[in-house]
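To keep things clear, I will list the structure first and then write my remarks on it.
In the working numbering, the protein residues as written are 1386 to 1693.
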């Protein structure tokens, strides 16, 4: 059975509480949101298209993390221990159901922050290459691209696997610690497959040059970057509405109600974040091949001035 913090009690393999950990997660979401806001302010003075796309991505991530901090703060207000009645099972079901979209948005916000930082590194590398004082286009140092790929792949892999563990605990709670083994394996296998594929896409885009290299001194955001920003906004809005509606939870949850809440919880806590991770991985700056060096043009001869 669950304890007074909606965590695991006697006879349960895990002893993690969604209620007591929500305060720290709310603070973490607020800190990440402030970092994104700082990035937006720093980029407001830039007028290039790629910088506008980064601002849009940061704005979407800022919205998701702001709402995420609010959702985690709602969970901290839940009091499962009712005086004279013991532990309220419905309150714990509400806490875990609200924790699913909150956990998903925290993963999405962190991934959008890292991908946006990757684009900032890429544009900084491009601008540094364009400001070379020599008249040739030298091969670009791809250290920033490699770092972007490994950072993005690491964050996507880590957050997706952590969401898989959260989904496992969520299904345990919703189905009274006896969920279907097939449901467990299906959700866990899906999360692992998406984690590996998304991190692989991130590494391929940032560490493997194109077969037809273009100019490494030019970078343009792909079409998937706006779609990723739109998806973040939609997921944040729908997840917050879902969590807000659960504040008026029923006293006795029927099997049909539990099934519906489980579907929406997995949707906002696993499927939507995993889909957004794939879009963000596909939106990373592509590693370009080195452009051939252009020969220096000889300076034009200046005719001597006539002597008067």
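Positions of the beta carbon are idealized from the N, C-alpha and C atoms, including for glycine. Note that the coordinates shown come from a computational prediction; the quantities given were computed from them, not determined experimentally.
Excluding the 5 residues preceding and the 5 following residue i in the sequence, name in chain order all residues of the same chain whose CB lies nearer than 6 Å to its CB.
i            : result
residue 1401 : 1392
residue 1671 : 1590
residue 1610 : 1438, 1668
residue 1682 : Interpretation of residue 1682 is limited by its pLDDT of 49, a score under 50 that renders its predicted location unreliable; no figure is taken from the coordinates.
residue 1461 : 1407, 1408
Kindly list the residues whose CB is nearer than 7 Å to the CB of residue i, restricted to its own chain and excluding five residues on each side of it in sequence; keep chain order.
i            : result
residue 1531 : 1591, 1592
residue 1430 : none
residue 1538 : 1584, 1587, 1588
Please report the distance separating the alpha-carbon of residue i from that of residue j.
i            : j            : result
residue 1633 : residue 1509 : 49 Å
residue 1487 : residue 1496 : 14 Å
residue 1694 : residue 1535 : Past the boundaries of the shown model lies residue 1694; the chain is included only from 1386 to 1693, so the question cannot be answered.
residue 1623 : residue 1463 : 21 Å
residue 1612 : residue 1409 : 30 Å
residue 1630 : residue 1638 : 15 Å
residue 1432 : residue 1411 : 33 Å
residue 1708 : residue 1413 : The structure shown does not extend to residue 1708, since the chain spans only 1386 to 1693, so no value can be given for it.
residue 1404 : residue 1568 : 25 Å
residue 1424 : residue 1441 : 11 Å
residue 1506 : residue 1618 : 24 Å
residue 1436 : residue 1642 : 45 Å
residue 1544 : residue 1640 : 30 Å
residue 1415 : residue 1644 : 32 Å
residue 1607 : residue 1434 : 11 Å
residue 1570 : residue 1420 : 37 Å
residue 1602 : residue 1474 : Model confidence at residue 1602 stands at a pLDDT of 43, short of 50, so the residue's coordinates are unreliable; what they give is reported in the following sentence. Those two C-alpha atoms are separated by around 59 Å.
residue 1694 : residue 1503 : Lying outside 1386 to 1693, the shown extent of the chain, residue 1694 is not represented and no answer is given.
residue 1443 : residue 1476 : 34 Å
residue 1465 : residue 1527 : 53 Å
residue 1368 : residue 1529 : What the structure shows of the chain is the stretch from 1386 to 1693, and residue 1368 is not part of that stretch, so it cannot be assessed.
residue 1427 : residue 1533 : 20 Å
Among the candidates the options, whose CA atom is the shortest distance from the CA of residue i?
i            : options                : result
residue 1481 : 1662, 1407, 1566       : 1407
residue 1448 : 1464, 1614, 1410, 1658 : 1614
residue 1646 : 1554, 1478, 1616       : 1478
residue 1445 : 1459, 1417, 1430       : 1417
residue 1655 : 1443, 1643, 1556       : 1556
residue 1573 : 1559, 1428, 1560, 1553 : 1553
residue 1648 : 1626, 1559, 1566       : 1559
residue 1626 : 1459, 1566, 1528, 1527 : 1459
residue 1451 : 1422, 1428, 1527, 1426 : 1422
Quick one: residues in its chain with C-beta nearer than 8 Å to the C-beta of residue i, no 5 flanking neighbours on either side, listed in chain order?
i            : result
residue 1541 : 1496, 1580, 1583, 1584, 1587, 1662, 1665, 1666
residue 1489 : 1548, 1620, 1624, 1653, 1654, 1655, 1657, 1658
residue 1616 : 1657, 1660, 1661, 1664
For my contact list, residue i and residue j are in at a C-beta cut-off of 8 Å; report their separation, rounded to the angstrom.
i            : j            : result
residue 1453 : residue 1501 : Not confirmed; about 17 Å, so no contact.
residue 1456 : residue 1650 : The Cβ separation is near 13 Å, so there is no contact.
residue 1628 : residue 1483 : 4 Å
How about residue i: is its Cβ closer than 8 Å to a heavy atom in the ligand HEM?
i            : result
residue 1589 : The model depicted lacks the ligand HEM and carries no ligand whatsoever.
Query raised in the report: Does the segment 1570-1585 touch the segment 1549-1559, meaning 3 or more C-beta pairs lie closer than 8 Å?
Result: The segment 1549-1559 vs the segment 1570-1585: in contact.
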